[in-house]
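This report refers to the structure that appears directly beneath it.
In the working numbering, the protein residues as written are 3 to 334.
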């Protein structure tokens with residue numbers, strides 16, 4: 003079987019909490035970022051949220067940035083595959099079943115290693131901003147062993163989650179996947195994932211760029227931090243020196259995309275008051291990759307992606323339902 007998008011990334015199960023600015027401040031985590039923690043730090047945060055503040059988890063959901071993206075691709079009607087790593091615990095069972103329910107093929111089977119499946123706590127403040135606290139668990143040991151070489155070589159796009167490069171074994175898997183994609187004529191897409199990743203793992207990203215990236219996903223803050231440019235258009239133009247196509251989101255202002263001529267094009271989006279920004283960038287990337295895999299140009303693919311991202315931020319949760327996606331496709 004061939005696939006439109008083959009994704010690699012962390013396998014996480016999300017726990018969402020609606021918090022006040024005061025509770026977020028007490029947690030000590032920087033608003034709007036992703037922080038990696040160990041099991042002890044995660045337990046301390048759960049104690050703060052559920053015991054001290056008497057909050058309850060609002061939702062348990064399958065997560066992981068690239069997982070959200072390939073789920074979006076699948077729900078839009080294209081074929082997708084996800085290579086990841088979970089353990090044989092109940093959380094891992096939930097993750098496997100969650101992807102199977104939306105027809106995403108994976109490398110996961112019944113014989114999974116013993117360990118702890120990765121989890122992400124998402125703290126959502128009243129302004130809709132999400133602050134992510136992640137315990138990677140067994141996904142931190144994602145490696146080339148989790149790659150499905152046949153599925154990868156049959157795909158139209160390889161999608162790489164930037165968060166992976168924090169792990170040496172996962173970075174090895176990323177570079178191996180890139181090399182195989184290049185040999186098979188599969189286009190490579192990468193997301194920068196988070197400003198913290200850009201700040202702390204630039205040399206690893208540079209290795210990935212040197213191997214070859216065809217389309218880059220990022221937001222405005224990540225782009226400016228990477229390039230040192232103060233203006234969004236200049237940042238987009240500078241990024242195109244790294245790869246042929248850029249899709250840079252501008253929060254409520256839409257996105258800047260660049261193609262062969264190097265001139266950034268502003269694709270506007272209707273403004274919406276965000277309720278929960280979790281998964282917005284992931285959903286956007288899924289919309290773009292779906293569109294490109296179905297022979298839309300980058301401009302039209304971005305317009306579709308805007309419609310999807312606008313819907314996902316208008317309510318709680320990182321993924322759209324099949325019904326929501328069907329309605330967006332019908333109106334597009």
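Beta carbons are placed, not taken as given, at the ideal position from N, Cα and C, and that holds for glycine.
Taking 9 angstroms as the cut-off, decide whether the C-beta atoms of residue i and residue j are in contact.
i, j, result
"residue 253", "residue 222", "yes"
"residue 293", "residue 306", "yes"
"residue 296", "residue 76", "no"
"residue 47", "residue 118", "no"
"residue 66", "residue 122", "yes"
"residue 219", "residue 179", "no"
"residue 157", "residue 4", "yes"
"residue 7", "residue 108", "no"
"residue 140", "residue 88", "yes"
"residue 167", "residue 197", "no"
"residue 39", "residue 127", "no"
"residue 266", "residue 250", "yes"
"residue 215", "residue 258", "no"
"residue 304", "residue 315", "no"
"residue 82", "residue 11", "no"
"residue 133", "residue 34", "yes"
"residue 212", "residue 185", "no"
"residue 281", "residue 78", "no"
"residue 64", "residue 96", "yes"
"residue 228", "residue 203", "no"
"residue 311", "residue 271", "yes"
"residue 236", "residue 248", "no"
"residue 143", "residue 171", "yes"
On the DSSP letters alone, give me the boundaries of the alpha helix (DSSP H) that residue i sits inside.
i, result
"residue 92", "92-103"
"residue 314", "300-314"
"residue 44", "41-49"
"residue 67", "67-78"
"residue 327", "324-333"
"residue 173", "170-186"
"residue 153", "151-155"
Going by C-alpha to C-alpha distance, which of the options sits closest to residue i?
i, options, result
"residue 27", "13, 197 and 50", "50"
"residue 112", "106, 123 and 98", "98"
"residue 200", "216, 10 and 37", "37"
"residue 269", "5, 277, 276 and 260", "260"
"residue 173", "152, 185 and 145", "145"
"residue 85", "313, 299 and 161", "161"
"residue 17", "62, 42, 226 and 9", "62"
"residue 322", "25, 278 and 181", "278"
"residue 324", "230, 311 and 104", "104"
"residue 23", "125, 331 and 169", "125"
"residue 374", "96, 246 and 204", "This structure cannot settle anything about residue 374, because the visible part of the chain is limited to 3 through 334."
"residue 150", "182, 94, 193 and 43", "182"
"residue 147", "129, 137, 44 and 115", "115"
"residue 176", "68, 100 and 25", "68"
"residue 137", "32, 14 and 224", "14"
"residue 256", "29, 302 and 298", "302"
"residue 153", "143, 131, 236 and 106", "106"
"residue 19", "330, 130 and 100", "130"
"residue 327", "299, 298, 94 and 285", "285"
"residue 91", "29, 110 and 241", "110"
"residue 73", "52, 102 and 93", "102"
Name the two residues that bound the continuous beta strand (DSSP E) containing residue i.
i, result
"residue 29", "Careful: residue 29 lies outside any beta strand (DSSP E), inside the alpha helix (DSSP H) at 23-29."
"residue 10", "7-10"
"residue 191", "189-193"
"residue 289", "Segment 282-295 is the alpha helix (DSSP H) holding residue 289; no beta strand (DSSP E) there."
Checking the sheet assignment: what are the DSSP bridge partners for residue i?
i, result
"residue 3", "For residue 3, which the question treats as bridged, DSSP gives no partner whatsoever."
"residue 162", "10 and 192"
"residue 16", "63 and 122"
"residue 137", "121"
"residue 132", "126"
"residue 403", "Because the chain in this structure spans residues 3 to 334, residue 403 falls outside the shown range and cannot be described."
"residue 38", "136"
Shorter than 9 angstroms from the beta carbon of residue i to some beta carbon of chain B?
i, result
"residue 226", "You won't find chain B in this structure, because it holds only one protein chain."
Check your understanding: What alpha helix (DSSP H) runs, 4 residues minimum, are completely inside the segment 200-272?
Key -> 204-213, 222-229 and 234-241
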